[in-house]
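Contents: one structure, followed by commentary.
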Amino acid sequence: MRKQLACTIATAMLLPASGHAGGFLGADGGKLPLTAGFSDVEGTGGGGLVPWALITGYGSNKSWGANAHYGDVRLRDFDLRTAGIGVGILDRVELSAARQEFEATETALEGVEVAQDVFGIKVRLAGDAVYTQDSWLPQIAVGAQLKRHGGIENAGALVSPIQLGARDEDGADYYLSGTKVFLAESLLVNVTLRHSKANQLGLLGFGGDEESSARTRVEATVGYLLTRKLAIGGEYRDKPDTLGVDDESAAWDFFVAWAPTRHLSVVAAYVNLGGVLSPVTGVDHDQTGSYLSFQFGF
Amino acid sequence: MRKLLLTAALASLAMTGLARAEDSLFAQIGGEAKLRATVDSLVEVMMEDERINFTFAQTDLTKFKGLLYDQICELTGGPCKYRGRDMATAHKNIDSTNQMFNALAEDLYIAFERQGVPYRLQNKVIALLAPMEKDIVK
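Protein sequence lines correspond, in order, to chains A and B.
Mapping of the first sequence onto the working numbering: residues 113 to 410, in sequence order.
Mapping of the second sequence onto the working numbering: residues 4 to 141, in sequence order.
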């Protein structure tokens, strides 16, 4: 994990980043600070839990941008780390790849690890979140997150989420996002509809003994812009609950996001991921904790 | 009687609130002095900004300041009338990009910062200018 993270960051830093070049080959850093969004726990351009319609990176519509990110969600009994890279092309298409590692740090499951790779694609369909201040039309994008399970380790004979009742190890989430910056109110509002049957983001497979098919659920972000480089806000994400052995519920967070330069952004949050495997661990509390994410790029 | 007094008090409170709400954005940001100083700061910042300064190389900056002042003053509800060309015509021969449009917006934020105009008011002004993107950028 550490080696992979170092590698992705090195790759991103080696890419040509010429701040003022006009042509497509030069990354122009053409967006305003904060308007490139952040990298969420699945590597997609968004907030912390929710993908936005914004295309990642600071490249304008005649250029491109890229970034590497590392995020860590430290919950009461679990730890979720995400590292990956994202590329935004022509402010139209976003491609991302991320690896998630999920580890039980307390309870009888302590030491158990689960991994997953997430490959994301997002296409902006219409609108501009910032310019069209004279209209209600948000920036609208569709996206997919293709998820490949990396197995369960340190759990004895338990090596696959299928053994927990999941229908599939691998799967995909599809989403439609609308993002709008209401500049006169200094507000960013995002609503995302996600069609998914992923258990705990897919870390526990897709579909289960209690529900086999995907459903569309709502996610949302509201952010208040405090300065040109600092925002605070909250997010909500409804999640499926298809496994009998799990008690998955909606997740939410309160965040502070800071973009001191176009090359670095930091998101810190208080997060509640709801129940995680409580019928197995026997704990009766929600999985609350801290979220810290760093994004480096241009 | 007590009820009447309360109503009167509430009404006067509401009217104070209304009066404040009716203050133009122009007045809220500090009126003519503040806006002229901001436009001066903007020209300083943008002429140092290599992303866009070359597009102003042939510009009469004194005239530009006057036009920009009138434009923002009128947009924010101040007692001015912009008499320059419309944005599409004015940028007809300039190969402006989103990057350049955003650079100027960023420089305007910096200029407002230098003049101590609160960020939420800066955003209200930028919100009025942002829709011009479709006329300025090709």
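Yeah, the Cβ is synthetic: ideal placement off N, Cα and C, and Gly gets one too.
Spatial distance of A/F190 from A/D359 (CA atoms) = If you take the alpha carbons of A/F190 and A/D359, they lie about 15 Å apart.
Among A/A238, A/G255, A/V254, the one whose alpha carbon lies nearest that of A/W248 = A/A238
List the whole-angstrom C-beta distance separating B/G80 from B/F115, where the pair is believed to meet the contact cut-off of C-beta under 8 Å.
-> That belief does not hold up - the Cβ atoms of B/G80 and B/F115 are roughly 17 Å apart, past 8 Å.
A/F408, enclosing beta strand (DSSP E) - first and last residue = 400-409
Please list the partners that B/K127 has in chain A, where partner means a Cβ-to-Cβ separation under 8 Å.
-> L295, A296
Counted within 10 angstroms of its Cβ, other Cβ atoms place B/N105 as buried (16 or more) or exposed = buried
Examine chain A for any beta-carbon lying closer than 8 Å to the beta-carbon of B/E51, and answer yes or no.
-> no
Would you say B/T100 reaches chain A, if we count a Cβ-Cβ gap shorter than 8 Å as a contact?
-> yes
Kindly list, in the order they appear in chain A, the residues whose Cβ is closer than 9 Å to that of B/E77.
-> Per Cβ cutoff of 9 Å: no residues; B/E77 is ~16 Å from chain A at best.
Please check if any C-beta of chain B sits within less than 8 Å of the C-beta of A/G135.
-> Because the pLDDT of A/G135 is 49, which lies under 50, any placement of that residue in the model is unreliable, and the number read from its coordinates should be weighed accordingly. So no, A/G135 is outside the interface.
Within 10 angstroms of the Cβ of A/Q275, are there 16 or more other Cβ atoms? Answer buried if so, exposed if not.
-> Under the 10 Å beta carbon count, A/Q275 is surrounded by fewer than 16 other beta carbons and is classified as exposed.
Have a look at A/N384 and A/F367 and give me their C-alpha separation to the nearest angstrom.
-> 12 Å
By Cβ distance below 8 Å, which residues in the same chain neighbour A/L205 in space, the five residues on each side in sequence not counted?
-> Looking at the sequence provided, one finds Val at residue 205 of chain A rather than Leu. So the qualifying residues of the chain are I167, I233, K234, V235, R236.
Neighbourhood of B/I139 by C-beta distance below 7 Å, restricted to the same chain and skipping five residues each side | M90, H94, S99, F104
Taking the alpha carbon of A/Q212 as the point to measure from, which residue in A/G177, A/Y336, A/R329, A/Q228 has its own alpha carbon closest?
-> A/Q228
Where does A/E154 sit, in a helix, a strand or coil, going by DSSP?
-> coil
If you draw a straight line from the alpha carbon of A/T354 to that of A/K174, how long is it in whole angstroms?
-> 43 Å
Using 10 angstroms around the beta-carbon of A/G177, count the other beta-carbons present and answer buried if the total reaches 16, otherwise exposed.
-> buried
Member of A/E297, A/D203, A/T244 whose CA lies at the smallest distance from the CA of A/A343 | A/E297
Does A/K143 come within less than 8 Å of chain B when only Cβ atoms are used?
-> Interface with chain B (8 Å Cβ-Cβ cutoff): A/K143 is included.
Is the beta carbon of B/D73 sitting closer than 8 Å to the one on B/K66?
-> In this structure, B/K66 does not lie closer than 8 Å to B/D73 by Cβ.
Starting from the beta carbon of A/L337, find every residue of chain B whose beta carbon is closer than 9 Å, and list them in chain order.
-> Y122, R123, N126
Shorter than 8 Å from the beta carbon of B/A133 to some beta carbon of chain A?
-> yes
With a cut-off of 8 Å, does the C-beta of B/E109 fall near any C-beta of chain A?
-> yes
Considering only C-alpha positions, which residue in the set A/R340, A/E265, A/V388 is nearest to A/K351?
-> A/V388
Given A/D282 as reference, the closest of A/F408, A/V378, A/F231, A/L338 once Cα atoms are compared = A/F231
Helix, strand or coil at A/L221 according to DSSP, with G and I counted as helix | coil
Run through DSSP, which three-state label would A/R236 get?
-> DSSP, read as helix, strand or coil, puts A/R236 in strand.
Can at least three beta-carbon pairs, one atom from the region 181-198 of chain A and one from the region 260-277 of chain A, be found at a separation below 8 Å?
-> no
Would you list the one or two residues that DSSP bridges to A/L192?
-> A/V185, A/F214
State yes or no: is the C-beta of A/E347 within less than 8 Å of the C-beta of A/W364?
-> yes
At what residues does the alpha helix (DSSP H) containing B/E47 begin and finish?
-> 34-51
Assign A/D350 to one of three DSSP states: helix, strand, or coil.
-> coil
Neighbourhood of A/L270 by C-beta, 7 Å cutoff - its chain only, sequence neighbours within 5 removed = I264
Minimum Cβ-Cβ distance from A/V301 to chain B less than 8 Å | no
By the criterion of Cβ-Cβ separation under 7 Å, what are the contact partners of A/T244 in chain B?
-> P134
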